[in-house]
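A quick write-up on the structure given underneath.
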Amino acid sequence: MVSRPWRVNKISFFESFSYSKSRIRCRYGAMEAVELFVHFDDGDPAGIVFFGHYFRMAHRALELSLPQVGLEWKDFFQSATVGFPVRHSEAQYHRPLLPGAPVSVKVIPEKVGESSLTFRYEFRKESSVDSDLLAELRVVHVCVDVKSLKKAPLPEKIKSAFVVS
């Protein structure tokens, strides 16, 4: 049996990039959850997911969710002019997450500033909002000029992807 490491709403990661940008235009906060597989090496000696791996999975969920708002991976992570380092991160762990099963991660754009983006991540066993909340993460990215490493305004393409005018 071949395991599928992660799926995006029953569509594989690679298939998700073939969609046209206009297929799904995100309304602020309306991104769909993605399903990730929790691997054996995500666990700690106690057999539960190591706390730091939640941030890796959240980052992967953000990467997989970008096509939903009309952005490509390179728009956010390979820009020649700006970068998006993490300025602040926090987490609340409600229930243990165990390796060997899928987890649903919903990326919620919480705040779009002039030079920052705040995302909230909800980890659930299933994509239903009625499913038990396992963990919540909040990550603030600041936009910086890659040459000067000084704060810069968000590019219009990125800002408009997360804000409905």
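In our numbering, each residue carries its 1-based index in the sequence shown increased by 32. Where is the CB? At the ideal position from N, CA and C, for every residue including glycine.
Look up residue i in the DSSP assignment and say whether it is helix, strand or coil.
i    : result
V101 : helix
D177 : strand
R127 : coil
A167 : strand
K182 : coil
E158 : coil
G84  : helix
Beta-carbon separation of residue i and residue j under 9 angstroms?
i    : j    : result
A90  : S136 : no
F69  : D76  : no
K138 : Y125 : no
E95  : F109 : yes
L129 : I190 : no
What are the boundary residues of the alpha helix (DSSP H) that includes residue i?
i    : result
S192 : E188 to F194
What residues in its chain sit with their C-beta under 7 angstroms from that of residue i, if we drop five residues either side in the sequence?
i    : result
V114 : C175, V176, D177, V178, A184 and P187
S97  : M63, V66 and V139
S180 : none
W105 : E95 and L98
A193 : C58, V101, G102 and L103
Apart from the five residues just before and just after residue i, which ones in its own chain have a Cβ nearer than 6 angstroms to its Cβ?
i    : result
F72  : P131
E146 : P185
P134 : E67 and F69
K143 : T150
Excluding the 5 residues preceding and the 5 following residue i in the sequence, name in chain order all residues of the same chain whose CB lies nearer than 8 angstroms to its CB.
i    : result
S148 : R119, V172, H173, V174, C175 and L186
L165 : H126, R127, E154, F155 and R156
A123 : F83, Y86, F87, A167, E168, L169 and R170
The beta strand (DSSP E) with residue i in it runs from where to where?
i    : result
F69  : V66 to F69
H146 : Rather than His, the amino acid found at residue 146 in this sequence is Glu. Segment: none, E146 is in no beta strand (DSSP E) and carries neither H nor E.
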